[in-house]
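Read the structure below first, then the notes.
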Amino acid sequence: MGVQCIICLESCTASGTIHALYSTPCGHVMGKECLEKFKEHLNNNCFNCPFCRKEIMVNNCHPIHGFVPEVKNSVTKSENTCKKLKENFSFSKNFSENINGTIKIFDEHNGNILIAGEIPSLFFSDHFIKLIVTNGRKIYDISEYKLDIECSCLCFNKSENGVIEFCVGYINGIVELYRYKVYGNNLKVLNEKKLINFDFISILFGTRKINSVCFLSNDSIALSVGKGMIRNWNKREEWLSKTGIINKCVDNKSDYITQLKKTNCDDCLGIMNDKIFVFDNHSSLLFQLRIIP
């Protein structure tokens, strides 16, 4: 079985060849050709490992001698393989430069990956949201500027295939809805909406955080807000207080509802108090999901 280079995902070749096996200090392997290409584009002798993001020095990478790759058929590299090598290298380099921080949450749909994370600093951390379109090997910055407010949840609309639609919730109670479409290498904005929470009581008691979001089939979005409450946003409202309430738990046992998922009946599954509950979208009833052996 061959050993794959972490940059181009092609098999490494025998010692002394152009794509000979090299090891990083963090224990990952890459081909000599890919390592040399990395070195050409570096301002200094340092880069982040494409696999684990650990900072390493080029000079600390060393060849692995005595490696004999598995031979199936004696073939030379084709032009397509070289092209794939360059594309993978460019994408790895672009990812390394653009995602210079810690990824906190993510979602995936149709080869698109939505990530939110933070860039640590001495006093206050900056936050970012980025969209990765793997088919075109492009990374788009959804947050044009570094965010001061932390993203608490995000979700793709997995019923949409022609466009890219997703929802982002923040710890300050704001919800943003985005619709995009990819044209070649460009990401065109189709629509952007914002739902604002200025409820004085929720601000006073610190319960305005958006814990989880999920898309429902009737062109609306379920939002978990504060403790024990799920609201239904029909995308036309601009204020959170105007949205309908799917479920509201008012007892002392209520806690934050997370991991919202839509069922085939257009209800919501969610986790509260370490238990899975079904939140009925039509009758405002709450059922605990019990697993019967």
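The opening position of the sequence shown corresponds to residue 1455 in the working numbering, with each subsequent residue numbered one higher.
In this text, a Cβ means the ideal position worked out from N, Cα and C, and glycines have one as well.
Across the set Lys1592, Phe1577 and Cys1459, the C-alpha of Lys1592 shows the shortest separation from the C-alpha of Lys1584. The segment 1478–1508 is shown to contain whole alpha helix (DSSP H) runs of 4 or more residues at 1486–1494, in chain order. Residue environment for Arg1685: buried (at least 16 other C-beta atoms within 10 angstroms of its C-beta). Non-local C-beta neighbours of Asn1564 in its own chain, meaning closer than 7 Å and more than five positions away in sequence, comprise Asn1615, ordered along the chain. Separation of Ile1603 and Ser1579 (C-alpha to C-alpha, rounded to the nearest whole angstrom) is 9 Å.
A distance of 8 Å or more separates the beta carbons of Ser1613 and Tyr1624. Straight-line spacing of the CA atoms in Glu1619 and Cys1459 works out to 34 Å. In this chain, the beta strand (DSSP E) harbouring Leu1649 covers Asn1640 to Leu1649.
For Tyr1624, the enclosing beta strand (DSSP E) begins and ends at Ile1618 to Tyr1624. When rounded, the separation of the alpha-carbon atoms in Phe1610 and Leu1723 is 16 Å.
Residue state for Asn1554 is assigned as coil, using DSSP reduced to three classes.
For Arg1633, the enclosing beta strand (DSSP E) has its first and last residue at Val1629 to Tyr1637. Rounded to whole angstroms, the Cβ separation of Lys1635 and Lys1642 is 5 Å, and the two are in contact under 8 Å. Rounded to whole angstroms, the separation of the alpha carbons of Gly1485 and Ile1472 is 8 Å. Rounded to the nearest whole angstrom, the CA to CA distance from Tyr1632 to Val1617 is 10 Å. Here Asn1688 has Ser1674 as same chain residues with Cβ atoms under 6 Å from its own Cβ, once five neighbours each way along the sequence are excluded. In this chain, the beta strand (DSSP E) harbouring Ile1586 covers Asp1580 to Val1587.
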